[in-house]
Amino acid sequence: MSPEWIVTPAAVAGALGTYVLHHDYGFGAVRSSAVSTLVFIGATSSLHHPGVPMWQAAFFGASFTGMCASERFTRRKVVLCGLVFSLIYLAVLRSPAIVRAPGGVLGTSAFLAGLVVVTGEALRVRFARVRLMLRK
Amino acid sequence: MFWQKRQYLTTRFPLKGYAIVVTAFYGGFLCCHLLRSAAGFGPVAASSLTGLAGTLLPTFRIVDKPLFQAAVYSGSFAGMCSSEIVDRPWQIALVSLLGGLVWMVLTPVFPGVGGKLGAIAFATTALALLVRVCL
């Protein structure tokens, strides 16, 4: 079985874990991302599987989406961000090395995932308004 | 409006904030780079350890703590880049100066969206790569 399917649950866990540590347990944004990633690395480093570095990178990258502000992102949106991030990350894995060489690729993927979710939400609200106007 | 643009141009550059960001960015980059190259950590572990260390560091009262921690973390993301792009301390210093400028431009945009620190790191290292290719 391909190890790539675990990227999605790892990403969702990273995003949600960081969000919960940040907003429910009062850790700072940076500390919650770093601590959750170190816990994940500790939990998975004993597994002898070639996909482990990829899962750790997915968890780490998705944890950046969990560093968002709670006024802007609810838990449901953070889960969505994790899902979108995993798709972007899988696309990045298949991209040429020149795209992956600079640092911050994971963070940029997380930023894009956040923007996709914010834009999707804005479009959903706008379409709902238009539908209401058409009904009237 | 033209007069508004002129007003924008005459706004004072926040030198203190820039100095804090550049210093923290440099520290984060160097720490992550050393953890990877000297201690043999993977990029993910090196970056998260740097971020955690940044939150545990005592800071002076004049330094904005969240800003300092975020800049250290952003620097550590940039430090995850390939050592073929940036390797020597002066190159890291140049990247940090660039990183501070990118930070000043990108920080006010899209408030509250996660991943901005990584986007700053990506923009910085991509710019450094571009400069290296051009020179």
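Here the protein sequences line up with chains A and B, keeping their order.
Numbering follows the working numbering, with no gaps: position 42 of the first sequence is 50.
Numbering follows the working numbering, with no gaps: position 82 of the second sequence is 64.
All C-beta atoms, glycine included, are put in the ideal place defined by N, C-alpha and C.
Short CB-CB distance (under 8 angstroms) between residue i and chain C
i, result
"A/T116", "Among the chains of the structure shown, chain C does not appear; the protein chains present are A and B."
Neighbourhood of residue i by C-beta, 6 angstroms cutoff - its chain only, sequence neighbours within 5 removed
i, result
"A/K85", "V125"
"A/G59", "P11"
Cutoff 7 angstroms; reference residue i; Cβ partners in own chain excluding five residues on either side
i, result
"B/Y55", "G10, G33, G36, L99"
"B/Y8", "G57, I74, A75, S78"
"A/F68", "G22, T45, L114"
"B/A52", "L99"
Coil, strand or helix - residue i by DSSP
i, result
"B/D13", "The amino acid at residue 13 of chain B is misidentified as Asp; the sequence shows Cys. Looking at B/C13 - three-state DSSP - the assignment turns out to be helix."
"B/R114", "helix"
"B/W(-15)", "No answer about B/W(-15) holds up, because its pLDDT of 47 lies below 50 and its placement is not dependable."
"A/R137", "helix"
"B/L34", "helix"
"A/V125", "helix"
"A/Y33", "coil"
"B/L109", "helix"
"B/L39", "coil"
"A/T82", "coil"
Cβ neighbours of residue i in the same chain (closer than 8 angstroms, five flanking residues each side left out)
i, result
"B/M(-17)", "In this predicted model, B/M(-17) has a pLDDT of only 47, less than 50, meaning its place in the structure is not dependable; the value taken from the coordinates is given anyway. Correct list: empty, nothing qualifies."
"B/A110", "I67, V68, Q73, L76, V77, L80"
"B/L88", "K98, A101, I102, A105"
"A/G36", "H30"
"B/D46", "G(-1), I2"
Chain A residues whose Cβ lies nearer than 7 angstroms to that of residue i
i, result
"B/M62", "G111"
"B/T107", "P110, G111, G112"
"B/G36", "V38"
Neighbour list for residue i in chain B, Cβ cutoff strictly below 8 angstroms
i, result
"A/T73", "G96, G97"
"A/S41", "S30, G33, Y55"
"A/L29", "Ordered by position in chain B, no residue passes the 8 angstroms Cβ test against A/L29, which lies about 12 angstroms from the chain."
"A/E79", "G94"
"A/P61", "G24, V26"
Chain B contact residues for residue i, given Cβ-Cβ distances below 7 angstroms
i, result
"A/T45", "V26, S30"
Beta-carbon neighbours of residue i, restricted to chain B and to distances below 9 angstroms
i, result
"A/I49", "G24, V26, A27, S30"
"A/G90", "Result: empty, since nearest Cβ-Cβ is about 10 angstroms, beyond 9 angstroms."
Residues that residue i contacts on chain A, provided the C-beta gap is smaller than 9 angstroms
i, result
"B/A6", "Correct list: empty, because the minimum Cβ distance to chain A is about 11 angstroms."
Three or more beta-carbon pairs under 8 angstroms between the region 11 to 20 of chain B and the region 54 to 67 of chain B, yes or no? yes
Could you tell me whether the region 64 to 83 of chain B touches the region 57 to 76 of chain A, where touching means 3 or more Cβ pairs closer than 8 angstroms? no
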